[in-house]
Amino acid sequence: MDDFNPVHAETFDSPHDQFRHLRDTCPVAHTSAWGGFWALTRHEDVAMAAADSDAFITSVQNVVPKVAFTGRRPPLHLDPPEHTPYRRAIAPLMTGRAIARLEPIARQICADLLAPMLAKGGGDICADYGAFLPIRVFAHWMNLEPDQIEELSAVGRRYNIAVQSAQEAETKEASLLLYDMARAILADRKTNPRDSEADATSALLAVRVDGEPLPEDMIVGTIRQVLVVGIIAPTVMIGSIAVHLCRFPDVQAQLRADPSLIPLAVEEFLRLYTPYRGFARTPRHDICLHGRTMKEGEAVALIYASANRDERVFDDPESFRLDRPNMKDSLAFGRGTHMCPGAALARMQLTVALETLLAGTGSITAAGPVIPTRMPEIGALSVPLNLVPRGGA
Ligand code: HEM
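Counted from 1, the sequence shown has number 1662 at position 381 by the numbering used here; the numbering is strictly sequential.
Shown next as structure tokens:
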């Protein structure tokens, strides 16, 4: 019998009720949904599995539900040691120092996206603001040309909607279009090489393993991987943050009065509204935990969103608090070998997005029902808002 049902209709909050129940009664839970998988819901178990990439591998299945398979995409789809050269090539381009040049660009993008929303008194923060910001920032990070930025906006959004609405054929088609884009970027960098300390594709082309370059299809896979991982989570996060601001006008007031608190608030929002519940691993051998045996080859979801609300680690975990002494325990960006290399880029965008939104508005209120995302993400897919410009009536 199934321990839980991940496919019934959900609200924005309901998955968290389910996770709380599982953490207390069945921390290693099994369901037959989507071909069958285990769910780890407690912080210590999720952290252990994420950190142990020998026992829990990503090369079999890296997400639940499994998406239409269109190829191996490093670094996420590979285990060490194959994983390492791809990650080493792109990670230095994502440090706080390396992405500092993008902050004024992100600020301009946010201002341009917010202006029409303010002019018409509101809009859907996910569709009108959150969906475009990460694609455009990311496109600048990848040094794409203006026409490629537009193309990525369109295809990235199409892919996102197809995954969210479980349209397998459309997901596969959009994924293949993203592959075409990745191939075009690679072809361009081969003929027009750029500084490998400032361009991700050129950095991948410069890598040598035992004197050999990385295989081109795997470089294409890496570009294709970052084309998507970098855009979905920030969109969901911006939607979830907006839901919170509508529910708690006092938080809006506090952050407007003291914007220096916003980076800390972003950290707490990342804990409270961790946007992922479907990153997966596969045990390399049978593993017994809390009396249950996860067999070799079975999918295991690391429910980061549940781990970050585990009352065993975070006091009063459902509350938004800026005074948490153990914020470093947050698993919003994962842990171990596959821990998010884009965390600095994500934090910068979310901080700038929130600063711009709060500075431009006097009040933010809900204008309709929130549509939640589905697995593998968790959070908001659509959040209609009324926006009153700062100083407005
Ligand atoms: C709010 C924003 C984001 C969140 C919450 C987030 C979260 C995560 C998490 C939890 C993982 C680990 C997956 C696992 O354990 O299997 C991950 C991996 C990854 N993320 Fe992010 N991410 C965000 C934004 C970004 C951005 C902006 C980029 C790049 C532009 C990015 C690039 C990656 C890559 C390449 C990996 C795979 C790393 C590897 O396998 O070594 N992420 N992310």
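Where a beta carbon is used, it is the ideal one built from N, C-alpha and C, also for glycine. Note that the coordinates shown come from a computational prediction; the quantities given were computed from them, not determined experimentally.
In the three-state reduction of the DSSP assignment, R1368 falls in the helix class, which pools H, G and I. Assigned with DSSP and collapsed to three states, M1575 falls in strand. Taking the Cβ atoms as the reference, L1486 lies roughly 7 Å from P1494, within the contact range of under 8 Å. If you check the C-beta of V1507 against the ligand HEM, you find a heavy atom less than 7 Å away.
Beta-bridge partners of H1311 (DSSP): W1319. Using a 10 angstroms sphere on the CB of F1529, the tally of other CB atoms stays under 16, which defines it as exposed. In the structure shown, the three-state DSSP call for P1515 is helix. If the five residues before and after E1384 are omitted, its C-beta is found closer than 8 Å to the C-beta atoms of M1629, V1633, all from its own chain and listed in chain order.
Judged by DSSP in its simplified three-state form, G1623 adopts coil rather than helix or strand. Relative to the ligand HEM, F1614 has its C-beta within less than 7 Å of a heavy atom. Per the Cβ contact rule, the stretch 1656 to 1674 is in contact with the stretch 1554 to 1570 (3 or more Cβ pairs under 8 Å).
Measuring C-alpha to C-alpha distances from H1324 to each of C1621, A1465, D1591, A1624 identifies D1591 as the nearest.
DSSP places N1286 outside both helix and strand once states are collapsed to three, so it counts as coil. When DSSP states are grouped into helix, strand and coil, I1584 belongs to the coil group. Between the ligand HEM and A1514, a heavy atom-to-CB distance of less than 7 Å is present. Residue nearest to H1566 within the set I1338, G1511, F1285 is I1338 (criterion: CA-CA distance).
Residue pairing from DSSP leaves P1598 without any beta-bridge partner. The three-state reading of DSSP puts Y1557 in strand, counting E and B together. Comparing C-alpha distances from A1648 to each of G1641, S1663, T1642 shows the shortest one belongs to S1663. Secondary structure of E1325 (DSSP, three-state): helix. In this structure, DSSP gives P1653 an extended state, which the three-state scheme calls strand. Rounded to whole angstroms, the Cβ separation of W1315 and P1346 is 4 Å, and the two are in contact under 8 Å. About 16 Å separates the beta carbons of A1514 and I1371, which is beyond the 8 Å limit, so they are not a contact pair. For T1376 and M1282, the gap between their C-alpha atoms comes out near 46 Å.
Secondary structure of G1615 (DSSP, three-state): coil.
Going by DSSP, I1430 is part of the alpha helix (DSSP H) stretching over 1427 to 1445. According to DSSP, A1661 shares a beta bridge with P1653.
The bridge partners DSSP lists for F1337 are P1564. For N1667, the CB stays at least 7 Å from every heavy atom of the ligand HEM. Cα atoms of M1608 and V1436: separation of roughly 35 Å, rounded to the nearest angstrom. Residues T1642, G1643, S1644 of the same chain have their beta carbon placed closer than 7 Å to that of V1669, with the five preceding and five following residues left out of the count. When distances are taken from the beta-carbon of P1373 to the heavy atoms of the ligand HEM, even the shortest one reaches 7 Å or more.
Of all alpha-carbon atoms in L1639, L1425, D1409, the one lying nearest the alpha-carbon of Q1535 is that of L1639.
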